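Participant: With full-length UniProt numbering applied, the sequence shown covers 1 to 486.
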Amino acid sequence: MHSLTLTELNAGLARGDYSARELTEHFLQRIQTLDPQLNSFVSITAEQALAQADAADAARARGEAGLLNGLPIAHKDIFCTRGVRTSCGSKMLDNFIAPYDANIVERMRAAGAVMLGKTNMDEFAMGSSNETSYYGPVKNPWDTSRVPGGSSGGSAAAVAARLIPAATASDTGGSIRQPAALTGVTGLKPTYGRVSRWGMIAFASSLDQAGAMANSAADCALLLQAMAGHDSRDSTCVARPVDNYLGELEKPLAGLRIGVPAEFFPADLDSRIADQAHAALAELERQGATLVPVALPSVHLSVPAYYVIAPAEASSNLARFDGVRYGYRCDNPADLEDMFKRSRSEGFGAEVKRRILVGTYALSHGYYDAYYLKAQKVRRLISNEFARAFEQVDVLMGPTTPEIAFGIGAKNDDPVTMYMADAFTIGANLAGLPALSMPAGLVDGLPVGVQVIGNYFREAQILNVAHRFQQATDWHRARPAVGDDA
């Protein structure tokens, strides 16, 4: 059963090939057997999952099956789940039991999905390799000496190894697409505001976006169909009708204009990654698409702009973790100031503290205009360049990442080099655009991803492009070493 996609599993449940309980038991067994090699889960909710599976079977028997009825999933541990630990990969929240469900959790449950557990992640979603987690690094199922990418590395590794058919994730600067590329799965970041952020623990509020990871574009369309929609509790969630993402998957690509930015193919890009991306473009061209050269001359400024804006917002958002109301509190504080200082210094990891310090500095008197305001101006410049590109083309495409999965620990002593892992993905976050990464080949036996970026609220179009590509290729069905047991 684990070799099937989420869409195929859904069809099997509808036919009665197996029950939701049988499906849940099967995937729980795989998690128990294989996850010790990957460390992709921080919590497993077996008892709750079996109860939800039984409820899904009962609903199907009554003819009341929801869109995701009986399908097993996992939630990134950044989403609050009532009665279950929500740690955000941090010592600061290791003991936090969420008293409510995030909107995305509510919607998935209402659609009948069965939650098997919570996936590991970079602490407070800050990282590109899933090595900053308080619970230890997640390992790439293609080669356990390498990283799966981050910050949604737990979701990516679990889906790639078929421990679960799908998972929720979040993307602030590439945290869905980059790990999707490094582990060979499909990852979708919707338009900013398409999916509610209510109940998602904040990193950088103007950039964070909830999304999905699965084994195919059709699976991501199914997930987005369930999770998208307006939520009055989130002031940034757009009151806009939800498109029929499933209904547009089979649309022919004839007449589609694909923009190919030269900036996504720099001179120092690994030629093997470039070749895989060009091969994917050639396949779409064979299906009737037209390739159009476009320019995004300021997109190379995405990384420096992001690493001013995101830490600035993080320094504000993480001020709430002070040891007073919830979360970690130091032992035997001498006074209130000592409690604040030691709770935060002991509760946060090195990367989180680094970004808080950078953000606080950027927002401080005398530096706000020089750094934060200038970064916001660059952000607008980049957004305008994307807008001009979409006057000429329908989607943009290029490699998702500049390199394949690197070794665990290889970049820990050089944060700036680590930050460049998101060089091709950050622009879409700064502009708030929808983007998707899909598997497009292997280099040295490791996955390569190609990114499809769409105009605002054109998720259906980028899912259609990815689906048509996956109908013509089998890269999304390639199996990693861990979990490759037929």
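A virtual CB, placed ideally from N, CA and C, is assigned to each residue, including glycine.
Here the structure is a predicted model, which means the values were calculated and not measured.
Checking 8 angstroms against the spacing of the C-beta atoms, do residue 133 and residue 89 come in under that value?
Facilitator: Here the question's residue 133 lines up with position 133 in the sequence shown. Here the question's residue 89 lines up with position 89 in the sequence shown. Closer than 8 angstroms, so yes.
Participant: For the 8 angstroms Cβ check, are there 3 or more pairs between the stretch 209-227 and the stretch 6-13?
Facilitator: Yes: the two stretches touch, three or more of their Cβ pairs being nearer than 8 angstroms.
Participant: Measure the CB-CB distance between residue 312 and residue 362 and report whether it falls below 8 angstroms.
Facilitator: Residue 312 sits at position 312 when you count from the first residue of the sequence shown. Residue 362 sits at position 362 when you count from the first residue of the sequence shown. Yes, the Cβ-Cβ distance between residue 312 and residue 362 is below 8 angstroms.
Participant: Could you compute how far the alpha carbon of residue 420 sits from the alpha carbon of residue 374?
Facilitator: Numbered from its first residue, the sequence shown carries residue 420 at position 420. Numbered from its first residue, the sequence shown carries residue 374 at position 374. In a straight line, the C-alpha of residue 420 is about 20 angstroms away from that of residue 374.
Participant: State the DSSP-derived secondary structure class of residue 170, mapped to helix, strand or coil.
Facilitator: Numbered from its first residue, the sequence shown carries residue 170 at position 170. Three-state result, residue 170: strand.
Participant: For the stretch 334-350 against the stretch 389-397, are there 3 or more C-beta pairs whose distance is under 8 angstroms?
Facilitator: Too few Cβ pairs lie closer than 8 angstroms, so no.
Participant: Say whether the stretch 57-74 touches the stretch 23-31, bearing in mind that this needs 3 or more beta-carbon pairs closer than 8 angstroms, one atom from each stretch.
Facilitator: As far as the Cβ criterion goes, the stretch 57-74 touches the stretch 23-31, which means the pair count is three or higher.
Participant: Out of 13, 14, 19, 33, state which residue places its alpha-carbon closest to the alpha-carbon of residue 484.
Facilitator: The sequence position of residue 484 within the sequence shown is 484, counting from 1. With distances taken between Cα atoms, residue 484 lies closest to 33.
Participant: Are residue 1 and residue 45 close, meaning C-beta to C-beta below 8 angstroms?
Facilitator: On the sequence shown, residue 1 is found 1 positions in, with the first residue counted as 1. On the sequence shown, residue 45 is found 45 positions in, with the first residue counted as 1. Result no, Cβ atoms of residue 1 and residue 45 do not sit closer than 8 angstroms.
Participant: Could you tell me the distance, in whole angstroms, from the CA atom of residue 142 to the CA atom of residue 149?
Facilitator: The sequence position of residue 142 within the sequence shown is 142, counting from 1. The sequence position of residue 149 within the sequence shown is 149, counting from 1. Residue 142 and residue 149: Cα-Cα distance of roughly 12 angstroms.
Participant: What whole-angstrom Cβ distance do residue 156 and residue 183 have, given they're in contact under 8 angstroms?
Facilitator: Sequence index remark: in the sequence shown, residue 156 carries index 156 (1-based). Sequence index remark: in the sequence shown, residue 183 carries index 183 (1-based). Correct: roughly 4 angstroms between the Cβ atoms.
Participant: Going by C-alpha to C-alpha distance, which of 238, 154, 403 sits closest to residue 268?
Facilitator: Locating residue 268 in the sequence shown gives position 268, where the first residue counts as 1. Comparing Cα positions, the closest option is 403.
Participant: Which whole runs of the beta strand (DSSP E) in the stretch 280-345 are 3 residues long or more, in chain order?
Facilitator: As far as the stretch 280-345 is concerned, its whole beta strand (DSSP E) runs of at least 3 residues are 290-294.
Participant: Can you grab the Cα-Cα spacing for the pair residue 52 / residue 178, in whole Å?
Facilitator: Along the sequence shown, read from residue 1 onward, the residue named residue 52 stands at position 52. Along the sequence shown, read from residue 1 onward, the residue named residue 178 stands at position 178. Going from the Cα of residue 52 to the Cα of residue 178 covers about 31 angstroms.
Participant: Taking only the alpha-carbon atoms, compute the straight-line gap between residue 152 and residue 56 and give it to the nearest angstrom.
Facilitator: Start at 1 with the first residue of the sequence shown, and residue 152 comes out as number 152. Start at 1 with the first residue of the sequence shown, and residue 56 comes out as number 56. Cα-Cα distance, rounded: 27 angstroms.
Participant: Name the DSSP bridge partner or partners of residue 119?
Facilitator: Position 119 of the sequence shown, counted from the first residue, corresponds to residue 119. According to DSSP, which records beta bridges pairwise, residue 119 is partnered with 41, 76.
Participant: So is residue 324 buried or exposed if we call it buried at 16+ other beta carbons inside 10 Å?
Facilitator: Taking the first residue of the sequence shown as position 1, residue 324 is located at position 324. Exposed, because fewer than 16 other Cβ atoms sit within 10 Å of the Cβ of residue 324.
Participant: How is the alpha helix (DSSP H) around residue 257 delimited, first residue to last?
Facilitator: The sequence position of residue 257 within the sequence shown is 257, counting from 1. From DSSP, residue 257 is part of no alpha helix (DSSP H) but of the beta strand (DSSP E) over 257-261.
Participant: Between 355, 279, 281, 326, which lies nearest to residue 314 when the distance is taken from Cα to Cα?
Facilitator: Taking the sequence shown and counting its residues from 1, the one referred to as residue 314 is at position 314. Ranking 355, 279, 281, 326 by Cα distance to residue 314 puts 355 first.
Participant: Count the other CB atoms within 10 Å of the CB of residue 328; is the residue buried (16 or more) or exposed (fewer)?
Facilitator: Reading the sequence shown from its first residue, position 328 is the one you call residue 328. Counting Cβ neighbours within 10 Å, residue 328 comes out buried, since at least 16 surround it.
Participant: So which of 464, 471, 479 has the shortest CA-CA distance to residue 251?
Facilitator: Your numbering for residue 251 matches position 251 in the sequence shown. Nearest C-alpha to residue 251: 464.
Participant: Just to confirm my understanding: we take residue 407, look at its own chain, exclude 5 residues before and 5 after, and list those with CB closer than 8 angstroms. What are they?
Facilitator: To locate residue 407, count along the sequence shown from 1; it is residue 407. 145, 146, 147.
Participant: Below 8 angstroms, how does it come out for the stretch 237-246 and the stretch 258-276: are there three or more Cβ pairs, yes or no?
Facilitator: No: fewer than three Cβ pairs fall under 8 angstroms.
Participant: Nearest to residue 351 by alpha carbon, out of 76, 103, 124, 108?
Facilitator: By one-based count along the sequence shown, residue 351 stands at place 351. Nearest of 76, 103, 124, 108 to residue 351, Cα basis: 124.
Participant: Any contact of the stretch 466-483 with the stretch 434-445, i.e. 3+ C-beta pairs under 8 angstroms?
Facilitator: In short, these stretches touch, since the Cβ pair count reaches three.
Participant: Can you give me the C-alpha to C-alpha distance between residue 36 and residue 470, rounded to a whole angstrom?
Facilitator: As a working note, residue 36 is residue 36 in the sequence shown. As a working note, residue 470 is residue 470 in the sequence shown. Roughly 31 angstroms separates the two Cα atoms.
Participant: Who are residue 84's beta bridge partners in DSSP?
Facilitator: Against the sequence shown, residue 84 aligns to sequence position 84. According to DSSP, which records beta bridges pairwise, residue 84 is partnered with 81.
Participant: On a Cα-Cα basis, can you pick out the residue from 462, 423, 446 that is closest to residue 566?
Facilitator: No information on residue 566 is available, as it lies outside the stretch 1 to 486 that the chain covers here.
Participant: By the 10 Å Cβ neighbour count, where 16 or more other Cβ atoms means buried, how is residue 300 classified, buried or exposed?
Facilitator: On the sequence shown, position 300 is the one that residue 300 refers to. Exposed, by the Cβ-count rule.
Participant: Enumerated in chain order, which unbroken segments of the beta strand (DSSP E) with a length of 3 residues or greater are wholly contained in the stretch 430-462?
Facilitator: Listed in chain order, they are 435-443, 446-454.
Participant: Enumerated in chain order, which unbroken segments of the beta strand (DSSP E) with a length of 3 residues or greater are wholly contained in the stretch 88-150?
Facilitator: As far as the stretch 88-150 is concerned, its whole beta strand (DSSP E) runs of at least 3 residues are 114-119.
Participant: What does the Cβ neighbour count give for residue 349, buried or exposed, with the cut at 16 atoms within 10 Å?
Facilitator: Residue numbering aside, residue 349 sits at position 349 when the sequence shown is read from its first letter. Per the 10 Å Cβ criterion, buried.
Participant: Runs of 4 residues minimum, wholly inside the stretch 5-41: which ones carry the alpha helix (DSSP H) assignment?
Facilitator: Correct list: 6-15, 20-34.
Participant: Using a threshold of 8 angstroms, state whether the C-beta atoms of residue 172 and residue 208 are closer than that.
Facilitator: Mapped onto the sequence shown, residue 172 falls at position 172. Mapped onto the sequence shown, residue 208 falls at position 208. Contact flag set, yes.
Participant: So, are the CB atoms of residue 200 and residue 107 less than 8 angstroms apart?
Facilitator: Position 200 of the sequence shown, counting from 1, holds the residue named residue 200. Position 107 of the sequence shown, counting from 1, holds the residue named residue 107. Against a cut-off of 8 angstroms, the Cβ pair of residue 107 and residue 200 comes out as no contact.
Participant: Where does the unbroken alpha helix (DSSP H) through residue 418 begin, and where does it stop?
Facilitator: Here residue 418 is taken as the residue at index 418 of the sequence shown, counted from 1. Its alpha helix (DSSP H) spans residues 415-419.
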